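Asks:
4 protein chains.
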Amino acid sequence: MRIDLNCDMGESFGTYRIGGDDAKMLELVTSANVACGFHAGDPRIIDHTVGLAAKAGVAVGAHPSHHDLRGFGRRSIQVAPDEIEADVVYQVGAVAAFAAAHGVPLVHVKPHGALYNQAVNDASLSSALAKGVARVSRDLIFVGLATSATMRAAAEAEGLRFAGEAFADRVYNPDGTLQSRAIAGSVITDPDLAARQAVSIGADKSVTAHDGSRVALEAETLCLHGDNPTALDNARRVREALERNGVEVRSLLS
Amino acid sequence: MRIDLNCDMGESFGTYRIGGDDAKMLELVTSANVACGFHAGDPRIIDHTVGLAAKAGVAVGAHPSHHDLRGFGRRSIQVAPDEIEADVVYQVGAVAAFAAAHGVPLVHVKPHGALYNQAVNDASLSSALAKGVARVSRDLIFVGLATSATMRAAAEAEGLRFAGEAFADRVYNPDGTLQSRAIAGSVITDPDLAARQAVSIGADKSVTAHDGSRVALEAETLCLHGDNPTALDNARRVREALERNGVEVRSLLS
Amino acid sequence: MRIDLNCDMGESFGTYRIGGDDAKMLELVTSANVACGFHAGDPRIIDHTVGLAAKAGVAVGAHPSHHDLRGFGRRSIQVAPDEIEADVVYQVGAVAAFAAAHGVPLVHVKPHGALYNQAVNDASLSSALAKGVARVSRDLIFVGLATSATMRAAAEAEGLRFAGEAFADRVYNPDGTLQSRAIAGSVITDPDLAARQAVSIGADKSVTAHDGSRVALEAETLCLHGDNPTALDNARRVREALERNGVEVRSLLS
Amino acid sequence: MRIDLNCDMGESFGTYRIGGDDAKMLELVTSANVACGFHAGDPRIIDHTVGLAAKAGVAVGAHPSHHDLRGFGRRSIQVAPDEIEADVVYQVGAVAAFAAAHGVPLVHVKPHGALYNQAVNDASLSSALAKGVARVSRDLIFVGLATSATMRAAAEAEGLRFAGEAFADRVYNPDGTLQSRAIAGSVITDPDLAARQAVSIGADKSVTAHDGSRVALEAETLCLHGDNPTALDNARRVREALERNGVEVRSLLS
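Chains as they are written, first to last, in the working numbering: chain A, 1 to 254; chain B, 1001 to 1254; chain C, 2001 to 2254; chain D, 3001 to 3254.
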């Protein structure tokens, strides 16, 4: 039993700071999803964040988004598939250049926020995302929701490895999708609950939905959020709980 | 005797169109400077433009700028060197990904507008630009003003090949710098004058400044502008005049 | 029988030019919808456009949009109602300052593109728009689709005069909504057809939908588009046809 | 003896938070400079901030800037005067609409960051700023550096009341300009030092420059910064020290 731990990073912009302590979080996770400048991040922050991840030996991935700084990439936007595809090439290419400059490979691509959520049930959007990733490199791993058939199919159609993602700190719907952040209580802030959900995902390949039903899922990576107040504590307990229960924490490529 | 002909391209944005007929211009030039999305261009337009250049067999280069869509990159901005360096990595990396996707190498990088002009006499800015280019790849050619000692020195300090650029359709100052666009008549619109200046640069390694004095310059590439009404006609006459006078038009790498 | 003729204007941005000849169009219409800088326009262009309209004696209105320059405001975005409301106050306030500076009143507000289309059937969005307008001034006229019950109700709930709008050059669905621009042929480019539809709207208070059915509508203003190649010709024929058929062309306030 | 206390506010953007506790700061100052969306702030944040200020009975002013979110308006940009003028009308008009919506007048306009600093010695830029303000309303007070002859002259040339500003927490040069933030120690973080400088400005109409020399200045308003960690404590001590030393703290209009 093994699992990767990923976390969104580099979400500051200009003089604005967001997120917790990226350097500390990098001691706990095995994959970093680096914001690409469309919903968060700017070139200097990408440079800094990729440098931190490289130094920590954490796998670097790109975290492309809708072009929506004001909405932090969390607002659904109807964008034509060819525009999404080009946006992905652009953002992933930019972050890949920083990875190369820091002497590390770009390992994975995980869409951000609304772009991710819209793609979960949208074959055309999933396909545009996968095409964009594949145009940069077929060696990149496409990270998407473990229970999304459209994302998995799109990645495979482009010859990309798909890594299913699950969430230790998000409440699940019975159909395997995530409960909307708009609903109160959809983000789990109790570290014990998050740790228990992580073990359930890593060891039992399933999660308990908000109605008590069990949802089966094959997840290769577990997302930890860095932007809530208890982020580091959550991450530490999740990692310890996984290891205590015999789930090895390893990056996707190792 | 040989020279490269370069032209700025892909300067549209969203639904906005600018510049002449890129496809036609690509029949005449040997290098395309592709806008990277900071002063012009967006991912879909970069994709299209790189594709056109690749198909035409024209060398693809990146044309990074200040982040200034509203000013089309023509306004001087005081930006810290580390920010310039990161901006260059970002923009060049993004365009490089499109070049790779179209199966062609990224050949050169030429800074745009105010960024170019500010660097001409600014060693620190030139160094930041060269460092950004070198961090993406030491195989990239740095294109800068042929008469700029700071740009040439910065490129060489980073182990980059420097390609001096001259202008067929811009009026020169006696010190080898370009007369500001703010001065009326600084852009040569008469195709015959532009062609004559091109031959002077390519065959005689010199140009006549606005005061009638001769300025010596070693230029490997000649810039043609695509955004004035007579652009195509200018380009055609320049190319014919060069060839008629024994100056071979060839890309920087060939 | 009377009707107002309105046209979107000031849609350039920075060095980018879009739209036809605003000055010529202002000789034909009675209301100008001025882009507010979110999907098009910038302060200098707003200043210029409002100045042109004031000089021509054409009623000045604000044309607020989603914050989406890249998509020209034509992409649906899910934005929270309180954000829409604030966006409207901001944009309308900015254009109102230019109107005052040119010594003319701001007469109306017409939402642009996707914001308009999303509101047609969305009571919450319509209400946010109307609240934003009313917070600037209850003397402003809210221009919306003549057949939209939600827009009309929202305006009236805020104590705003509602002016129903119809389109001479757009194809109608049988339910009174506009056929999507994504469908080929949804924009009428034949000036005779547009003129005939205008007369039908102005004199017969109805329009023929794409399936041949008649749709009744109470329109106080007719939208003419300035961004297609035959815009001026269209506008001229529409105006002549209206006057020939006894429909007086007058602004909303006169 | 009397003086106004002003503070920059509403500097958050989207999900990004910056600055201290605006609500608490509003208990201590008499004028709020509200960011207008160009370097910071967005419509929802402007709405919220103006609402807070109105509720606290603090005078509302607009704080226009270069269009430079990434640089927080602190980077010098060479912008044409007519563009600056239009940018000011736009930003001031937008904030004025929110002030009206909250039932309070817009009292003053204070340029932000680089725009302010560039204008201190630039008559053409100062004139563009004053023209922009005057075009919105001649009743607005133009707030600028007390020791800037160009700002004062420009305001008076447009018939605007000029209110000279001094800084309790910034180090002065002997010529009355502010020491650049780029120099370490240029922002005074010791509340006692700031309070002493405030009293010197309010009661003695002078300030001690970094070389120990005395600079005379006629200041009607004192700027307190909200974005350093000790902001509230600084503000409290400044206010107490002023009142203890017989300088009444009153807004510009009262």
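Glycine included, each C-beta is placed from N, C-alpha and C at the ideal position. On a predicted model such as this, the values are computed, not experimentally measured, just so you know.
(1) Within 8 angstroms (strictly less), CB to CB, does Tyr2116/C reach chain B?
(2) Would you check whether the ligand NAD has a heavy atom nearer than 7 angstroms to the C-beta of Met9/A?
(3) Taking DSSP's pairing of strands, which residues face Leu3129/D in a bridge?
(4) Whose CA, out of Thr2015/C, Asp2008/C, Leu2028/C, Tyr2016/C, lies closest to the CA of Asp2233/C?
(5) Sort Ala3163/D, Val3120/D, Arg3135/D by Cα distance to Ala2097/C and report the nearest one.
(6) Does Asp8/A have its Cβ less than 8 angstroms from a Cβ in chain D?
(7) Comparing the C-beta of Ser1065/B with each C-beta of chain D, is any distance below 8 angstroms?
(8) Is any beta-carbon of chain A found at less than 8 angstroms from that of Gln2091/C?
(9) For the stretch 3072-3104 of chain D, which residues have a beta carbon sitting closer than 7 angstroms to at least one beta carbon of chain C?
(10) In angstroms with no decimal places, state the Cα-to-Cα distance between Gln1118/B and Phe2013/C.
(11) What's the C-alpha gap between Lys2024/C and Ala2235/C?
(12) Using the Cβ count rule (16 or more neighbours within 10 Å means buried), how would you classify Pro2174/C?
(13) Does the beta carbon of Arg3214/D sit closer than 8 angstroms to a beta carbon anywhere in chain A?
(14) Do you know offhand how far Ala1194/B's Cα is from Gly1019/B's?
(15) Give the straight-line distance between the Cα atoms of His2102/C and Gly3093/D, rounded to the nearest whole angstrom.
(16) Kindly give me the distance between the Cβ atoms of His2039/C and Asp2068/C, rounded to whole angstroms, as I take these residues to be in contact under 8 angstroms.
(17) Report the CB separation of Gly3127/D from Ala3154/D in whole angstroms; it is logged as a contact under 8 angstroms.
(18) Identify, in the order they occur along the chain, each residue of the same chain with its Cβ nearer than 8 angstroms to the Cβ of His210/A, setting aside the five sequence neighbours on each side.
(19) Under the three-state reduction of DSSP, which class applies to His3108/D: helix, strand or coil?
(20) Anything in chain C within Cβ reach of Ile1018/B, meaning under 9 angstroms, just list it in chain order.
(21) Going by DSSP, what residue range makes up the alpha helix (DSSP H) through Gly3202/D?
(22) What would DSSP say about Thr1147/B, mapped onto helix, strand or coil?
(23) Determine which residues of the stretch 1148-1175 of chain B have a Cβ less than 9 angstroms from any Cβ of chain A, and write them out in chain order.
(24) Quick check: what's the CA-CA separation for Gln3091/D versus Val3104/D?
(25) Should Ile2183/C go down as buried or exposed, given a rule of 16 or more other Cβ atoms within 10 Å for buried?
(26) Note down, in chain order, each residue of its chain lying with its Cβ closer than 7 angstroms to the Cβ of Asp1021/B, except the 5 sequence neighbours on either side.
(27) Run the CB neighbour count on Pro1229/B, radius 10 Å, all protein chains shown included, and call it buried at 16 or more, exposed below.
(28) Taking its Cβ as the centre, do 16 or more other Cβ atoms sit within 10 Å of Lys1055/B, making it buried, or is it exposed?
(29) Who are Ser5/A's beta bridge partners in DSSP?
(30) Taking the alpha helix (DSSP H) that Phe3098/D belongs to, which residues open and close that run?
(31) Determine the direct distance from the alpha carbon of Ala2203/C to that of Gly2164/C, and round the result to whole angstroms.
(32) Can you have a look at Asp139/A and say buried or exposed, based on whether 16 or more other CB atoms are within 10 angstroms of its CB?
(33) Using the three-state DSSP reduction, which class does Leu140/A fall into: helix, strand or coil?
(34) Against Arg3135/D, what residues of chain C qualify as contacts under a CB-to-CB distance less than 7 angstroms, listed in chain order?
(35) Decide if Glu3218/D is buried, meaning its Cβ has at least 16 other Cβ atoms within 10 Å, or exposed.
(36) Using CA atoms only, rank isn't needed, just tell me which of Ala3099/D, Ile3084/D, Val3095/D, Ala3100/D is closest to Tyr3116/D.
Replies: Well, looking at it:
(1) no
(2) Of the ligands one can find in the structure shown there are none, so the ligand NAD has no counterpart to examine.
(3) Its beta-bridge partners do not exist; DSSP assigns none.
(4) Leu2028/C
(5) Arg3135/D
(6) no
(7) no
(8) no
(9) Asp3082, Glu3083, Ala3086, Asp3087, Val3089, Tyr3090, Val3092, Gly3093, Ala3094, Ala3096, Ala3097, Phe3098, Ala3101
(10) 24 angstroms
(11) 10 angstroms
(12) exposed
(13) no
(14) 19 angstroms
(15) 13 angstroms
(16) 6 angstroms
(17) Strictly speaking, residue 3127/D in this sequence is Ser, with Gly absent from that position. With a Cβ gap of about 5 angstroms, Ser3127/D and Ala3154/D count as contacting.
(18) Val171, Tyr172, Asn173, Pro174, Gln179
(19) strand
(20) Thr2015, Tyr2016, Arg2017
(21) 3191-3204
(22) coil
(23) none
(24) 17 angstroms
(25) exposed
(26) Leu1232
(27) exposed
(28) exposed
(29) Residue identity differs from the one stated: residue 5/A is Leu in this sequence, not Ser. Leu5/A pairs with Leu222/A.
(30) 3081-3101
(31) 15 angstroms
(32) exposed
(33) coil
(34) Ala2101
(35) exposed
(36) Ile3084/D
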